[in-house]
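Trainee:
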Amino acid sequence: MAVLGAYRCIECNGEATELYRDYRRGVLRISICKSCQKPVDKYIEYDPVIILINAVLCKAQAYRHILFNTKINIHGKLCVFCLLCEAYLRWLQLQDSSQNTDPDDLIRYAKEWDFYRMFGIASLEQTSFFIGIFITLWWMTPETLKRKSDFILLLKALLLSTYGKLLLIPAVIWEHDYTPLCLAFIKVFVLISNSQAIRVTLNLNRILPWFAILFGLIFENGVVCLFQKMGWDV
Numbered sequence: 000m001a002v003l004g005a006y007r008c009i010e011c012n013g014e015a016t017e018l019y020r021d022y023r024r025g026v027l028r029i030s031i032c033k034s035c036q037k038p039v040d041k042y043i044e045y046d047p048v049i050i051l052i053n054a055v056l057c058k059a060q061a062y063r064h065i066l067f068n069t070k071i072n073i074h075g076k077l078c079v080f081c082l083l084c085e086a087y088l089r090w091l092q093l094q095d096s097s098q099n100t101d102p103d104d105l106i107r108y109a110k111e112w113d114f115y116r117m118f119g120i121a122s123l124e125q126t127s128f129f130i131g132i133f134i135t136l137w138w139m140t141p142e143t144l145k146r147k148s149d150f151i152l153l154l155k156a157l158l159l160s161t162y163g164k165l166l167l168i169p170a171v172i173w174e175h176d177y178t179p180l181c182l183a184f185i186k187v188f189v190l191i192s193n194s195q196a197i198r199v200t201l202n203l204n205r206i207l208p209w210f211a212i213l214f215g216l217i218f219e220n221g222v223v224c225l226f227q228k229m230g231w232d233v
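Counting from 0, one number per residue, gives the positions in the sequence shown under numbering that gives the first Met the number 0.
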């Protein structure tokens with residue numbers, strides 16, 4: 000039986016009603032896009048590792064496959080895990096800068112609270128970054144965010160595209176003198192992934208997503224500075 004539903008062609012972003020047709024006895028025929036006359040989604044035949052590699056290379060076709068033609072529902076858990084990785088790295092750097100080695104329970108409690116505080120700061124920064132992106136896109140291209148489902152899909156795409164933060168784990172494990180440089184590369188990679196996710200989800204050109212990301216970064220830094228002026232230890 001063919002897989003029915005609203006799918007997208009990974010080449011031209013055109014709509015399709017099915018990805019393939021099953022003729023039984025293991026005979027499958029990939030559907031052809033009516034717009035570009037290419038296979039709707041060639042990745043349904045690929046191994047997940049190949050798909051992951053193409054996603055790491057930020058190929059638009061891989062992003063369309065993941066966002067539109069699969070039922071991945073791990074964006075919430077992935078977001079929390081990435082924030083935990085970022086909070087742990089910040090907490091670790093904070094502990095390295097502290098010379099207090101007193102094993103007193105009060106000190107251990109304070110260190111544990113520092114981790115929760117780092118998690119809160121990381122969550123605040125990411126939320127502010129996403130809000131800045133949504134404001135920019137809603138202001139510049141209101142026709143692409145008319146429905147609630149459009150906002151939800153873009154949020155899901157942004158959350159999934161932050162998977163690059165998982166690279167913080169090996170950055171911590173294999174700590175060396177070039178760790179700050181590695182963290183900078185990870186940050187750039189995440190921003191590139193965010194840009195591709197916005198472009199694929201809303202079918203935009205290459206410039207507008209980067210403009211939205213730039214404003215998101217400005218809005219994020221502005222919110223952090225505001226809380227700092229209010230006396231919060233952010």
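Glycine is no exception: its CB is placed at the ideal position from the N, C-alpha and C atoms.
Keep in mind that this is a model prediction, so the values were computed, not measured.
Between which residues of its own chain and LEU93 is the CB-CB distance below 8 Å, once the five residues before and five after are set aside?
Mentor: Counting from 1 along the sequence shown, the entry for residue 93 is found at position 94. Counting only Cβ-Cβ distances below 8 Å, and skipping sequence neighbours, we find ASP113 and MET117.
Trainee: Have a look at the DSSP bridge pairing and note the partners of TYR19.
Mentor: Along the sequence shown, read from residue 1 onward, the residue named residue 19 stands at position 20. TYR19 is bridged to ILE29.
Trainee: Going by the beta-carbon positions, is the gap between SER148 and ASN193 smaller than 8 Å?
Mentor: Taking the sequence shown and counting its residues from 1, one reaches residue 148 at position 149. Taking the sequence shown and counting its residues from 1, one reaches residue 193 at position 194. No, the Cβ-Cβ distance between SER148 and ASN193 is not below 8 Å.
Trainee: Taking only runs that begin and end inside the region 193-232, name each unbroken alpha helix (DSSP H) of 4 or more residues, in chain order.
Mentor: Counting whole runs of 4 or more residues, the region 193-232 contains the alpha helix (DSSP H) stretches 206-228.
Trainee: Are there 16 or more other CB atoms within 10 angstroms of the CB of GLU14, so buried, or fewer, so exposed?
Mentor: As a working note, residue 14 is residue 15 in the sequence shown. So GLU14 counts as exposed.
Trainee: Terminal residues of the continuous beta strand (DSSP E) containing TYR42?
Mentor: Looking up residue 42 in the sequence shown gives position 43. Unbroken run through TYR42: none, as it is neither H nor E.
Trainee: For GLU14, name the three-state secondary structure that DSSP assigns.
Mentor: Position 15 of the sequence shown, counted from the first residue, corresponds to residue 14. Looking at GLU14 - three-state DSSP - the assignment turns out to be strand.
Trainee: Within a Cβ cutoff of 6 Å, which residues of the same chain sit near ARG63, ignoring the five residues on either side of it in sequence?
Mentor: Within the sequence shown, residue 63 is the residue found at index 64, counting from 1. ARG7, ILE9 and VAL199.
Trainee: Would you identify the three-state DSSP class for ARG146, choosing helix, strand or coil?
Mentor: Within the sequence shown, the letter at position 147 stands for residue 146. Here ARG146 sits in coil by DSSP.
Trainee: Less than 8 Å between C-beta atoms, sequence neighbours within five positions excluded: which residues of the same chain meet that for PHE129?
Mentor: Residue mapping note: residue 129 aligns to position 130 of the sequence shown, counting from 1. Contacts found: LEU154, LEU157 and GLY215.
Trainee: Give me the residue from CYS78, LEU207 and ARG28 with the minimum Cα distance to LEU165.
Mentor: Position 166 of the sequence shown, counting from 1, holds the residue named residue 165. If we check each option's Cα against that of LEU165, CYS78 comes out closest.
Trainee: Have a look at ILE132 and ALA211 and give me their C-alpha separation to the nearest angstrom.
Mentor: By 1-based counting over the sequence shown, the position of residue 132 is 133. By 1-based counting over the sequence shown, the position of residue 211 is 212. Approximately 5 Å between the Cα atoms of the pair.
Trainee: Within 8 Å (strictly less), CB to CB, does ARG20 reach chain B?
Mentor: The structure shown contains no chain B; it holds only a single protein chain.
Trainee: Would LEU82 and GLN125 qualify as a contact pair, given that the criterion is a beta-carbon distance under 8 Å?
Mentor: Position 83 of the sequence shown, counted from the start, is the residue given in the question as residue 82. Position 126 of the sequence shown, counted from the start, is the residue given in the question as residue 125. It is a contact, given that the beta carbons lie within the stated cut-off.
Trainee: Measure the alpha-carbon distance for PHE226 versus ILE217 and round it to whole angstroms.
Mentor: Within the sequence shown, numbered from 1, the residue matching residue 226 stands at position 227. Within the sequence shown, numbered from 1, the residue matching residue 217 stands at position 218. If you take the alpha carbons of PHE226 and ILE217, they lie about 14 Å apart.
Trainee: Return the first residue and the last residue of the alpha helix (DSSP H) that TYR6 is part of.
Mentor: Taking the first residue of the sequence shown as 1, we reach residue 6 at position 7. No alpha helix (DSSP H) contains TYR6, which is instead part of the beta strand (DSSP E) from 3-7.
Trainee: Report the residue from LEU88, ILE29, ALA121 and LYS33 whose alpha carbon sits nearest the alpha carbon of TYR42.
Mentor: Your numbering for residue 42 matches position 43 in the sequence shown. It is ILE29.
Trainee: Exposed or buried, what is GLN195 when buried is set at 16 or more other beta-carbons lying within 10 Å of its beta-carbon?
Mentor: On the sequence shown, position 196 is the one that residue 195 refers to. When all chains shown are included, GLN195 counts as buried.
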